[in-house]
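Undergrad: Protein chains in written order, with this note's numbering: chain A, 12 to 546; chain B, 541 to 829.
Quick reminder that beta carbons are idealized off the backbone N, C-alpha and C, glycines included.
What you are looking at is a predicted structure, and each value in this text was computed from that prediction instead of being measured.
Sharing a structure, written as structure tokens. Questions coming.
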């Protein structure tokens, strides 16, 4: 493995990957995975992918950028990249994030304080390619050279870099090796934000070159705007599925549930990540039961995109982001609801409650609230009869970055767990200092090629370490354990991590949401809402 | 002396103008979308203690906004005077960076306090020079020997540290050589345009170098004292809901009239569409027709 990689290496013409990760070089894990030999082997990229796509970065390939067929095509792609670079630094094109981007470009001192904060850099064993400043340094040098005029003095002051197609191709992939968790930005003494830089690079590739992972764009935001949900569910399908969930929840709990749809003037418009409806129906079922039992006048929406809170544009494209956010707000305005409550989906929280705030002007600025806050109020206010003894098993809490570090919703979910889970224990570190699950910024839904291997071995490694340490005193399979992840994408990533390392089969570590734990503790519902079965 | 005075005044003026230009340039950039990062120290102490926000309150929009400015000032003071973030997250570098910055603060104080007859001011200034030299030398050694710093360093990064070392060294040497004026005396003479003061050539050169450095700083990334204000107050801690911000809707409305020219087809930015038109299109719906 080449350890002294420098930003200029990205321009190497050799199509071979710049780094090859092996289990021996990764951050060690605690028991029961405390030897590289116990780790899973990596799957190799298929010969077809290697031949057809740009795979010159590392062991994997997330974006599947087709290889240009001629020098002329390469030059055209570089020209388009340069055009996008200019636009990234123009007010007309990038007013939403120009200020933080320019401050990061012009003032990072490259003190590397951020490096130790990055879970990907640490988990990779300190692989230079994943240092938070690596991709930023490339963009910085390109900015000073191609946007600010360049020249000898500029190269002396800011460093030089060669621009060619191999660099652009590798930079596309590299922009998808960061979870955008912004833990690096949190520790930066200057306030520079390398997470933002990764996002802005993704934006350049999407908005100018039309390049983005298909899971985020074609099968993500575009599908959501076409059918109403990134799951592909149309209104009729989602209503059918929810009706089934109502029946199932009623049967399991003995409490009659009927989800209300499109109720004008409701107190709460609940926005779920529609992935919950398909993958974890017990979560929307639990919400329906809790809100009904608490006497809240609530509704779901059957409008296009109104039943899916996801907003993948947040991770790669400003226009896609704004389109979905405006759609959500418009639905709430038309329904005349008092507030939007965002279900257990971290990025939907940040997208709609925080980042969209300034573009939701006038009547579109419908109040938005976290479901964590509402659930805490219901639990703490004694609106449900709860029996904590029903949750008498070890529970730990994963903090979704979007909810915690990026929105400041830290305590409500803890207050609930302290009230209903007698064996609740924290991961370390937690709260605003948490580590990303490794599925952030879209990775949890990106499963092309062998990208899941990278996601499990590298981006998810720190979370895996935290989970194992949190349950270090009760790893025996006789004790069922629960990782509470109040976010769909985090939950998907944690599911994949536990499955990849066989931790359910061997150590009975299960995962799930927060609402399920509340219903599991409800005295008025039949016991055993949480089923100790793999899902 | 007049030439030296002229040079120093010009350098100080250039520095001031460059600082203002940089600050105005950032201030005039469009307001960014919210991009805060917690903990935000001006949150209500009941939230700030664990890094939380007003979003933890049920129906938060019905409650009067509370900004705990004391909390913010405490964090700012620790950051400005102790470089707390670096202390907590990069102790090794802090051991050099802190004396370096402390020395600069001491020198600035010495220069500003020159008019007041404070005892020991000359030695205070000298201590500032020594701190800057020690810090700059330490940072230089780190930048040369630490691979992770060296890989990302441009020639100017080394030059800048050498420049600081030389300028502070020149000022210190001219004091220790015994035949020059103290930093305080020099500052006072500058402030009062006292042409009666005589300086040896070495001290004049040292002063000119220091002046040149002061003019140079705001033209580089070392002007992070300006950037930091915007990075913290306009971005990291900018958590106020837009509904409560005067003029925000007007500014956003103006930005939405901007006409981007992003080329990807899903953007729909051809034919001069504005942001408002672009974000109210549904590219998927058009495709399905």
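Identify which residue in A:162, A:135 and A:172 has its Cα closest to the Cα of residue 147 of chain A.
TA: On the first chain, position 136 is the one that residue 147 of chain A refers to. Nearest C-alpha to residue 147 of chain A: A:172.
Undergrad: According to DSSP, is residue 435 of chain A part of a helix, a strand, or is it coil?
TA: Taking the first chain and counting its residues from 1, the one referred to as residue 435 of chain A is at position 424. In this structure, residue 435 of chain A counts as strand in the three-state DSSP scheme.
Undergrad: Would you kindly work out how many angstroms separate the C-alpha atoms of residue 78 of chain A and residue 21 of chain A, rounded to a whole number?
TA: By one-based count along the first chain, residue 78 of chain A stands at place 67. By one-based count along the first chain, residue 21 of chain A stands at place 10. Approximately 16 Å, taken between the alpha carbons.
Undergrad: Give me the chain B residues within the contact set of residue 117 of chain A, using Cβ-Cβ distance strictly less than 8 Å, ordered along the chain.
TA: Translated into positions along the first chain, residue 117 of chain A becomes position 106. Going along chain B in sequence order, the residues near residue 117 of chain A (Cβ under 8 Å) are 761 and 767.
Undergrad: Touch check for the segment 454-463 of chain A and the segment 70-77 of chain A: three-plus C-beta pairs under 8 Å?
TA: Contact between the segment 454-463 of chain A and the segment 70-77 of chain A is present, because at least three Cβ pairs lie under 8 Å.
Undergrad: List the residues of chain A that residue 801 of chain B touches, going by C-beta distances under 8 Å, in chain order.
TA: Reading the second chain from its first residue, position 261 is the one you call residue 801 of chain B. Ordered by position in chain A, the residues that pass the 8 Å Cβ test against residue 801 of chain B are 98, 103 and 104.
Undergrad: Between the C-alpha atoms of residue 726 of chain B and residue 548 of chain B, what's the straight-line distance to the nearest angstrom?
TA: Within the second chain, numbered from 1, the residue matching residue 726 of chain B stands at position 186. Within the second chain, numbered from 1, the residue matching residue 548 of chain B stands at position 8. Looking at the two C-alpha atoms, the distance is approximately 11 Å.
Undergrad: What does the alpha-carbon distance come out to for the pair residue 653 of chain B and residue 712 of chain B?
TA: For the purposes of this step, residue 653 of chain B is taken as residue 113 along the second chain, with counting starting at 1. For the purposes of this step, residue 712 of chain B is taken as residue 172 along the second chain, with counting starting at 1. For residue 653 of chain B and residue 712 of chain B, the distance between alpha carbons rounds to 18 Å.
Undergrad: Are residue 579 of chain B and residue 365 of chain A closer than 8 Å when you measure CB to CB?
TA: Taking the second chain and counting its residues from 1, the one referred to as residue 579 of chain B is at position 39. Taking the first chain and counting its residues from 1, the one referred to as residue 365 of chain A is at position 354. Result no, Cβ atoms of residue 579 of chain B and residue 365 of chain A do not sit closer than 8 Å.
Undergrad: So for residue 348 of chain A, helix, strand or coil by DSSP?
TA: Counted from its first residue, the first chain places residue 348 of chain A at position 337. The answer is coil: DSSP assigns residue 348 of chain A none of H, G, I, E or B.
Undergrad: Where does residue 666 of chain B sit, in a helix, a strand or coil, going by DSSP?
TA: Within the second chain, residue 666 of chain B is the residue found at index 126, counting from 1. Here residue 666 of chain B sits in helix by DSSP.
Undergrad: Should residue 722 of chain B be flagged as near chain A, meaning a C-beta pair shorter than 8 Å?
TA: Position 182 of the second chain, counted from the start, is the residue given in the question as residue 722 of chain B. No, residue 722 of chain B lies away from the interface with chain A (no Cβ there is under 8 Å from its Cβ).
Undergrad: I'd like to know whether the C-beta of residue 738 of chain B is nearer than 8 Å to at least one C-beta of chain A.
TA: Within the second chain, the letter at position 198 stands for residue 738 of chain B. Judged by the 8 Å Cβ criterion, residue 738 of chain B is not in contact with chain A.
Undergrad: Name the DSSP beta bridge partners of residue 495 of chain A, please?
TA: Taking the first residue of the first chain as position 1, residue 495 of chain A is located at position 484. Residue 495 of chain A pairs with A:408 and A:523.
Undergrad: For residue 555 of chain B, which residues in chain A fall below 7 Å Cβ to Cβ?
TA: The residue you call residue 555 of chain B lines up with position 15 of the second chain. The contacting residues do not exist; residue 555 of chain B stays about 17 Å from chain A at best.
Undergrad: Could you tell me whether the Cβ atoms of residue 96 of chain A and residue 182 of chain A are closer together than 8 Å?
TA: On the first chain, position 85 is the one that residue 96 of chain A refers to. On the first chain, position 171 is the one that residue 182 of chain A refers to. Against a cut-off of 8 Å, the Cβ pair of residue 182 of chain A and residue 96 of chain A comes out as no contact.
Undergrad: Check each residue of the segment 564-577 of chain B: if its Cβ is closer than 8 Å to any Cβ of chain A, include it; give the result in chain order.
TA: Going along the segment 564-577 of chain B in chain order, one finds 566, 569, 570, 571, 572, 573, 574, 575, 576 and 577 with a Cβ nearer than 8 Å to chain A.
Undergrad: Closest to residue 236 of chain A by CA distance: which of B:568, B:790, B:824 and B:814 is it?
TA: Your numbering for residue 236 of chain A matches position 225 in the first chain. Minimum Cα distance to residue 236 of chain A is reached at B:824.
Undergrad: Rounded to a whole number of angstroms, what is the C-alpha to C-alpha distance between residue 534 of chain A and residue 510 of chain A?
TA: Residue 534 of chain A sits at position 523 when you count from the first residue of the first chain. Residue 510 of chain A sits at position 499 when you count from the first residue of the first chain. Roughly 32 Å separates the two Cα atoms.
Undergrad: Here's the rule: buried if 16 or more other CB atoms are within 10 angstroms of the residue's CB, otherwise exposed. What is residue 377 of chain A?
TA: On the first chain, position 366 is the one that residue 377 of chain A refers to. That one is buried.
Undergrad: Find the nearest neighbour of residue 50 of chain A within the set A:59, A:60, A:186 and A:36, judged by alpha-carbon distance.
TA: For the purposes of this step, residue 50 of chain A is taken as the residue at position 39 of the first chain. Of the listed residues, the one whose Cα sits closest to residue 50 of chain A is A:36.
Undergrad: In this structure, does DSSP put residue 550 of chain A in helix, strand or coil?
TA: Past the boundaries of the shown model lies residue 550 of chain A; chain A is included only from 12 to 546, so the question cannot be answered.
Undergrad: Strictly below 8 Å CB to CB, what residues from chain B border residue 233 of chain A?
TA: Taking the first chain and counting its residues from 1, one reaches residue 233 of chain A at position 222. Ordered by position in chain B, the residues that pass the 8 Å Cβ test against residue 233 of chain A are 806, 823, 824 and 827.
Undergrad: Going by other Cβ atoms of all chains shown within 10 Å of its Cβ, with 16 needed for buried, is residue 130 of chain A buried or exposed?
TA: Counting from one through the first chain, the residue named residue 130 of chain A turns up at place 119. Buried, by the Cβ-count rule.
Undergrad: Are the CB atoms of residue 471 of chain A and residue 414 of chain A within a distance shorter than 8 Å?
TA: Reading the first chain from its first residue, position 403 is the one you call residue 414 of chain A. Reading the first chain from its first residue, position 460 is the one you call residue 471 of chain A. Not in contact: residue 414 of chain A and residue 471 of chain A (Cβ atoms no closer than 8 Å).
Undergrad: According to the Cβ coordinates, are residue 617 of chain A and residue 190 of chain A closer than 8 Å?
TA: The structure shown has nothing for residue 617 of chain A, since chain A only spans 12 to 546.
Undergrad: Distance, Cα to Cα, residue 379 of chain A vs residue 258 of chain A?
TA: Here residue 379 of chain A is taken as the residue at index 368 of the first chain, counted from 1. Here residue 258 of chain A is taken as the residue at index 247 of the first chain, counted from 1. Going from the Cα of residue 379 of chain A to the Cα of residue 258 of chain A covers about 29 Å.
Undergrad: In the DSSP output, what is residue 380 of chain A paired with across the bridge?
TA: The residue given as residue 380 of chain A occupies position 369 in the first chain. Answer by DSSP bridge pairing, in chain order: A:352.
Undergrad: To the nearest angstrom, how far is it from the Cα of residue 272 of chain A to the Cα of residue 229 of chain A?
TA: Counting from one through the first chain, the residue named residue 272 of chain A turns up at place 261. Counting from one through the first chain, the residue named residue 229 of chain A turns up at place 218. Roughly 28 Å separates the two Cα atoms.
Undergrad: If distances are taken between C-alpha atoms only, which option among A:314, A:15, A:450 and A:277 comes closest to residue 352 of chain A?
TA: The sequence position of residue 352 of chain A within the first chain is 341, counting from 1. The shortest C-alpha separation from residue 352 of chain A is found at A:277.
Undergrad: Please report how far the alpha carbon of residue 477 of chain A lies from the alpha carbon of residue 502 of chain A, in whole angstroms.
TA: Within the first chain, numbered from 1, the residue matching residue 477 of chain A stands at position 466. Within the first chain, numbered from 1, the residue matching residue 502 of chain A stands at position 491. About 15 Å.
Undergrad: What are the boundary residues of the beta strand (DSSP E) that includes residue 279 of chain A?
TA: Against the first chain, residue 279 of chain A aligns to sequence position 268. First-last of the beta strand (DSSP E) with residue 279 of chain A: 279-282.
Undergrad: Determine, using beta carbons only, whether residue 521 of chain A and residue 40 of chain A come nearer to each other than 8 Å.
TA: The residue given as residue 521 of chain A occupies position 510 in the first chain. The residue given as residue 40 of chain A occupies position 29 in the first chain. No. Outside cutoff.
Undergrad: Curious, which full-length alpha helix (DSSP H) runs of at least 4 residues does the segment 782-829 of chain B contain?
TA: Complete alpha helix (DSSP H) runs here, min 4: 788-795, 815-819 and 823-828.
Undergrad: What is the DSSP secondary structure of residue 246 of chain A, reduced to helix, strand or coil?
TA: In the first chain, residue 246 of chain A corresponds to position 235, counting from 1. DSSP places residue 246 of chain A in helix when its eight states are reduced to three.
Undergrad: Measure from the C-beta of residue 626 of chain B to each C-beta in chain A and report whether the shortest distance is under 8 Å.
TA: For the purposes of this step, residue 626 of chain B is identified with residue 86 of the second chain, where counting begins at 1. Yes, because at least one Cβ of chain A sits closer than 8 Å to the Cβ of residue 626 of chain B.
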